[in-house]
Structures are given as C-alpha cells and as structure tokens.
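First the structure, in the form of structure tokens, and then the observations on it.
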Amino acid sequence: MSTKERQGKGIQKREGKELTDEDKKAIRRSFDSLDRDQNGRLCAEEIYKGVQVLGFNPTKSEAVDMISDIDENGNGHIEFEEYEEMMRKRMSAMEYEKNLLRDAFKKFDKDGDGTISPEELQKSLCKSGDKMDIADVNEMFLLADHNSDGKLNYEEFVEMFQEQF
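Straight run, no breaks: the sequence shown in UniProt numbering ends on number 165.
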C-alpha cells in the first residue's frame with residue numbers, strides 16, 4: 001500500500017523511530033500470532049485473547065477500547081499497517097526513555113568509569129538543588145547496588161530509576 005493510499009485510509013507515517021528490517025519482521029510475527037483467523041486484521045476477541053497471554057486480564061469492553069485507540073480508519077479492526085504504526089510509536093518511546101536514562105547516567109558518572117559512586121551521586125544531586133546527605137545516598141546504594149561493589153553500573157541505575165517511577 002502506498003503512502004498516499006495509507007493517508008487516504010487515515011494511516012499516516014509519523015515522526016520517530018525508523019523500523020529496521022528486523023523490527024518489521026518481529027512486528028509481523030507478533031501481528032500474525034494475534035491474528036488467529038489469519039484474515040489480516042485483528043478483532044476485539046483476538047486482542048482480548050492476545051493480552052491475556054501476556055498476563056493481563058482486560059474486559060472485552062477494554063479490548064474494544066484498545067482497538068478504537070489504534071483503529072485509524074474506523075472500521076472496528078486493526079490492520080497490519082495500524083498495528084505496525086502503533087508498535088513503531090511504542091518502540092520510539094522506549095528508545096527515547098533509554099536515551100534519557102543513558103544521558104542521566106553519563107551526567108552522574110563524573111569520572112567516566114562506567115559506574116556511579118555514592119560521592120558522584122551526592123555531588124550531582126547537590127548541584128541540581130537536591131540536598132541529600134551521604135547517609136541517604138548510601139541507603140539508596142544498599143538497595144540498588146546488587147553486586148555489592150559500592151558503585152552503580154548502568155543496569156543497576158536503570159533498575160533503581162524504574163523502581164522509583
């Protein structure tokens with residue numbers, strides 16, 4: 001389907017992440033696994049069963065609401081192009097968050113060694129206006145420093161951040 005045809009159907013390419021061939025294949029596999037009757041579109045029942053497999057328990061009306069949020073052409077179903085666009089948006093949002101966390105980590109990692117010490121964190125927080133004493137920082141490190149090396153690596157930092165928010 002051409003861009004012009006998609007725009008005519010209400011499916012428009014948006015700004016954000018460009019999908020790689022690998023991304024597109026993964027999205028296609030995901031769509032096909034949800035499309036139980038293999039008719040090229042997802043109905044509320046297929047969405048309902050698909051999210052149950054992921055461990056969620058929506059009501060059927062919530063599944064209908066999910067479709068209406070994604071269904072750009074208003075036909076009550078989700079075609080692959082609509083699904084792909086929704087997944088691209090979600091992947092863009094995840095990539096944006098990942099970049100924010102990476103940038104924040106680099107700002108805290110003053111000496112550039114790939115870890116954040118309690119002192120680095122305290123100094124960075126004090127510069128941003130947060131007054132946190134070293135005892136509070138050490139307490140935070142006790143919870144987040146899973147390998148007990150006295151520093152936070154990137155993975156520990158991300159996990160700590162995600163637990164806070």
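All C-beta atoms in this analysis are idealised placements derived from N, C-alpha and C, irrespective of residue type, glycine included.
- Can the beta-carbon of Ala144 be found closer than 8 Å to that of Met160? Translated into the one-based positions of the sequence shown, residue 144 becomes position 144. Translated into the one-based positions of the sequence shown, residue 160 becomes position 160. Yes, these two residues count as a Cβ contact at 8 Å.
- Message: Assuming the contact rule is C-beta atoms closer than 8 Å, Gly114 and Asn147 should be a hit. Round their C-beta distance to whole Å, please.
- Response: The count along the sequence shown starts at 1 and reaches residue 114 at position 114. The count along the sequence shown starts at 1 and reaches residue 147 at position 147. The Cβ separation is near 13 Å, so there is no contact.
- Query: Where does Glu18 fall in DSSP's three states?
  - Reply: Stepping through the sequence shown from its first residue, residue 18 is reached at position 18. Glu18: coil per DSSP, three-state reduction.
- Nearest CA to the CA of Met54: which residue from Glu97, Leu34, Arg41? Against the sequence shown, residue 54 aligns to sequence position 54. The sequence given here has Leu at residue 54, not Met. Here the closest residue by C-alpha is Leu34.
- Task: Report yes or no: do three or more beta-carbon pairs, one from the stretch 76–93 and one from the stretch 39–51, lie closer than 8 Å?
- Result: yes
- Rounded to a whole number of angstroms, what is the C-alpha to C-alpha distance between Asp65 and Asp21? For this step, residue 65 is matched to residue 65 along the sequence shown. For this step, residue 21 is matched to residue 21 along the sequence shown. Distance between the alpha carbons of Asp65 and Asp21 is about 30 Å.
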